[in-house]
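For reference, the structure discussed in these notes is given below.
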Amino acid sequence: MSGFFKSSIGRKIAMALSAFFLMFFLLQHFAINILSVFSPDLFNEVSHFMGTNPLVQFALQPVLIFGVVFHFVMGFVLEIKNRNARQISYAKNNGSANSTWMSRNMIWSGVAILAFIILHFIDFWFPEINTKFIKGDWSGLHEGVEGYRYFEELQHKFHSHIRTIAYVIAFVFLMLHLLHGFTSAFQSMGATAGRKKTLQNIGKAYSIIIPLGFIFIALYHHLKYVLG
Amino acid sequence: MKLTLKIWRQKSAESKGKIVDYKLDDVSPDMSFLEMLDVLNQDLINKNEEPVAFDHDCREGICGMCSMFINGRSHGPDRAITVCQLHMRSFSDGDTIYIEPWRAKAFPVIKDLIVDRSAFDRIQQAGGFISVNTSGNTQDANAIPISKHAADEAMDAATCIGCGACVASCKNSSAMLFVGAKVSQYALLPQGQVEAADRVKNMVAQMDLEGFGNCTNTGACEVECPKGISLENIARMNRELIKANL
Ligand code: HEM
Ligand code: SF4
Ligand code: FES
Chain P
987 MSGFFKSSIG RKIAMALSAF FLMFFLLQHF AINILSVFSP DLFNEVSHFM
1037 GTNPLVQFAL QPVLIFGVVF HFVMGFVLEI KNRNARQISY AKNNGSANST
1087 WMSRNMIWSG VAILAFIILH FIDFWFPEIN TKFIKGDWSG LHEGVEGYRY
1137 FEELQHKFHS HIRTIAYVIA FVFLMLHLLH GFTSAFQSMG ATAGRKKTLQ
1187 NIGKAYSIII PLGFIFIALY HHLKYVLG
Chain H
320 MKLTLKIWRQ KSAESKGKIV DYKLDDVSPD MSFLEMLDVL NQDLINKNEE
370 PVAFDHDCRE GICGMCSMFI NGRSHGPDRA ITVCQLHMRS FSDGDTIYIE
420 PWRAKAFPVI KDLIVDRSAF DRIQQAGGFI SVNTSGNTQD ANAIPISKHA
470 ADEAMDAATC IGCGACVASC KNSSAMLFVG AKVSQYALLP QGQVEAADRV
520 KNMVAQMDLE GFGNCTNTGA CEVECPKGIS LENIARMNRE LIKANL
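The following block contains the structure:
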């Protein structure tokens, strides 16, 4: 079995498995964030549950971090190996004649997502870790804030133009990554037989709706602040 | 037709090559691409220059020898054909045409446009066969019932001519379409079941050893394959490998 994950196809399957996990996580993350548009109270409740539940904090969170790190490290490993397989490049290569830009540039959309994840960690995750694990404050409360602090913090982050623009750009790259990645992950698992069209359609819907949804949330909070 | 050709010239495997420009003044649109190169080579021979070395054999699209990357695409601009089936009417008067060898670490250039594709032979030898008794008592193949669907899909996979266009057009120089076709051709038939697990493991191991890249599912191979081998064969190979390891 260890030989399997060293083989080209085994690596590809590991890549797809980590991607499935990330796509499921993304769906879950979106479902919670969209609450912030409809009901700040509900958003606060769910955020507090996710932020303090031991199963989420000590089981799912480490799995998630492993999943993200595994996915991008393996992405870089594959990219380097694949570049190595062609040492002299063509003087003229017409890639767009046979494949999409998205499929040929997974590494670049991936790098953009990685840059976003770093920004996102600095914005939200490090402060959370600091409050909970360093200061030991698991109350979810903050001086001068009525109820839980999560909604306030979220709104505050989207006051900045630059951050809002950065988030929007990152989600466009996420869309490009998923427009190829979604079906690709099923293809890697060998799971496309007879249902490729259906998967492509679900893939398109997922890859467009989820990132657009995140963009909507960012713009909603930003415009609400700007327009008062 | 007047044409400018930009052709990769390389004396030997060891030497460094480069693109060299040639002009042809009187090309008929009815010539095949290889005939056009024959004309160029005759010119070069008449001028006492070294003709351009290129692979070819059947000149009717079945041997898979003719291997050229033309204007950025395997076998040139048209779909589902080999270079020998490409005609000059697919180009226009005054065109500049780039002609390069297949590029892959696993397909080293031997001379000019000729590359060494013996990596494919070694992958075949690692498992692309069935062990049958050939002592003269061979069973009639039709004695084993096979569904029409499986027979058709196996036949489609078996039409792969081992040309390497899939490797040449893949951004990763991946050989998965070729190996997928060879694995599928047996995986779909009862005769292939006995050695199925070893076959896929050994062929994939040899493919990796030869230095081909991984698959990113860009689908370039499927578009450029002269025989229309479908990506589904790669999915089937992946399933076979998962099955063989469970
Ligand atoms: C953290 C930064 C990321 C990097 C550097 C990255 C990089 C890559 C690369 C290079 C590939 C193509 C691998 C190949 O050659 O087949 C890939 C595939 C994929 N990625 Fe990412 N990615 C990142 C984040 C994400 C995220 C957040 C998601 C989903 C929410 C995601 C979903 C996918 C999917 C679905 C695939 C297709 C898997 C397959 O073909 O089997 N990626 N990624
Ligand atoms: S799969 Fe198609 S492109 Fe690849 S070697 Fe076979 S016939 Fe040629
Ligand atoms: S020369 Fe045989 S396929 Fe072209």
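So the protein lines, in turn, are chains P and H.
Numbering follows the working numbering, with no gaps: position 71 of the first sequence is 1057.
Numbering follows the working numbering, with no gaps: position 100 of the second sequence is 419.
All C-beta atoms, glycine included, are put in the ideal place defined by N, C-alpha and C.
The structure presented is a predicted model; accordingly, all values stated were derived computationally and were not measured.
In the DSSP assignment, find the beta strand (DSSP E) that holds residue i and state where it starts and stops.
i	result
I418 (chain H)	415–419
T323 (chain H)	322–328
L343 (chain H)	337–343
K430 (chain H)	428–430
Hey, out of the options, whose CA is closest to residue i's CA?
i	options	result
I1103 (chain P)	P:A1077, P:F1157, P:I1196	P:F1157
N1068 (chain P)	P:E1129, P:A1077, P:N1080, P:M1092	P:M1092
L1050 (chain P)	P:L1164, P:L1008, P:I1195	P:L1008
D475 (chain H)	H:P545, H:A515, H:G483	H:P545
W421 (chain H)	P:F1112, P:W1124, P:I1074	P:I1074
R1090 (chain P)	P:G1061, P:H1106, P:I1108	P:G1061
N536 (chain H)	P:T1178, P:G1214, P:L1140, P:I1066	P:T1178
W1111 (chain P)	P:S1025, P:L1198, P:L1140, P:T1086	P:L1140
R555 (chain H)	P:K1118, P:G1180, P:I1066, P:F990	P:G1180
F410 (chain H)	H:T323, H:F531, H:D527, H:L550	H:T323
D344 (chain H)	H:K321, H:Q510, H:C385, H:D527	H:K321
S492 (chain H)	P:L1028, P:G1081, P:F1024, P:A1045	P:G1081
N1233 (chain P)	H:I433, H:D431, H:A539	Since the first residue shown for chain P is 987 and the last is 1214, residue 1233 (chain P) is missing from the structure and cannot be characterised.
Q329 (chain H)	H:Y341, H:D431, H:D340, H:C403	H:D431
Considering only residues of the same chain and omitting the five flanking positions on each side of residue i, which have a CB-CB separation below 7 Å?
i	result
F1144 (chain P)	T1150, A1204, H1207, H1208, Y1211
A1005 (chain P)	H1057, G1167, A1171
I553 (chain H)	M495, L496, G499, C534
A1098 (chain P)	A1156, F1159
D1123 (chain P)	T1117
L1021 (chain P)	L1028, F1029, V1032
I1108 (chain P)	none
For residue i, report the span of its alpha helix (DSSP H) as first-last.
i	result
D471 (chain H)	467–477
V1097 (chain P)	1092–1106
V498 (chain H)	495–506
I1051 (chain P)	1047–1070
V1032 (chain P)	1026–1038
I1197 (chain P)	Note that residue 1197 (chain P) corresponds to Pro in the displayed sequence, not to Ile. Note, P1197 (chain P): alpha helix (DSSP H), 1182–1212.
I561 (chain H)	551–564
K520 (chain H)	515–528
M1161 (chain P)	1147–1174
C540 (chain H)	539–543
H1015 (chain P)	994–1019
H1142 (chain P)	1136–1143
E354 (chain H)	352–365
V486 (chain H)	484–488
I1074 (chain P)	No alpha helix (DSSP H) contains I1074 (chain P), which DSSP labels as neither H nor E.
F439 (chain H)	437–444
F1112 (chain P)	1112–1115
Evaluate residue i with the Cβ neighbour count: other Cβ atoms within 10 Å of its Cβ, from every protein chain shown; 16 or more gives buried, anything less gives exposed.
i	result
A425 (chain H)	buried
Y541 (chain H)	This sequence places Glu at residue 541 (chain H); Tyr is not what is there. Buried, since its Cβ has 16 or more Cβ neighbours within 10 Å.
D374 (chain H)	buried
I1120 (chain P)	exposed
G395 (chain H)	buried
T1038 (chain P)	exposed
K467 (chain H)	exposed
D412 (chain H)	exposed
H1163 (chain P)	buried
W327 (chain H)	buried
F439 (chain H)	buried
C377 (chain H)	exposed
P1197 (chain P)	buried
R1072 (chain P)	buried
R1070 (chain P)	This sequence places Asn at residue 1070 (chain P); Arg is not what is there. By the 10 Å Cβ count, N1070 (chain P) comes out exposed.
F1024 (chain P)	exposed
N557 (chain H)	buried
Q1014 (chain P)	exposed
Might you give, ordered along the chain, the residues of its own chain that have their beta carbon closer than 8 Å to the beta carbon of residue i, omitting 5 neighbours on each side?
i	result
D349 (chain H)	H406, M407, R408
V1154 (chain P)	I1201, A1204, L1205
S549 (chain H)	D475, E541
N360 (chain H)	P370, V371
Q1186 (chain P)	T1169
R997 (chain P)	F991, M1060, V1063, L1064
Which residues in chain A sit within 7 Å of residue i, going by Cβ to Cβ distance?
i	result
V434 (chain H)	Of the chains in the structure shown, none is chain A; the protein chains are P and H.
Report whether the distance from the Cβ of residue i to the nearest heavy atom of the ligand SAM is below 8 Å.
i	result
M384 (chain H)	The ligand SAM is not part of this structure, which contains only the ligand HEM, the ligand SF4 and the ligand FES.
Beta-carbon within less than 6 Å of residue i's beta-carbon, same chain only, minus the 5 sequence neighbours each way: which residues are those?
i	result
M1175 (chain P)	A1002
Could you tell me whether the stretch 382–391 of chain H touches the stretch 412–421 of chain H, using the rule of 3 or more Cβ pairs below 8 Å? yes
The stretch 518–526 of chain H in contact with the stretch 454–472 of chain H per 3-pair CB rule at 8 Å: no
Is it a yes or a no for the stretch 1017–1034 of chain P touching the stretch 1130–1139 of chain P, going by three-plus beta-carbon pairs under 8 Å? yes
Does the stretch 442–456 of chain H come into contact with the stretch 503–512 of chain H, if we say contact requires no fewer than three beta-carbon pairs (one atom in each stretch) closer than 8 Å? yes
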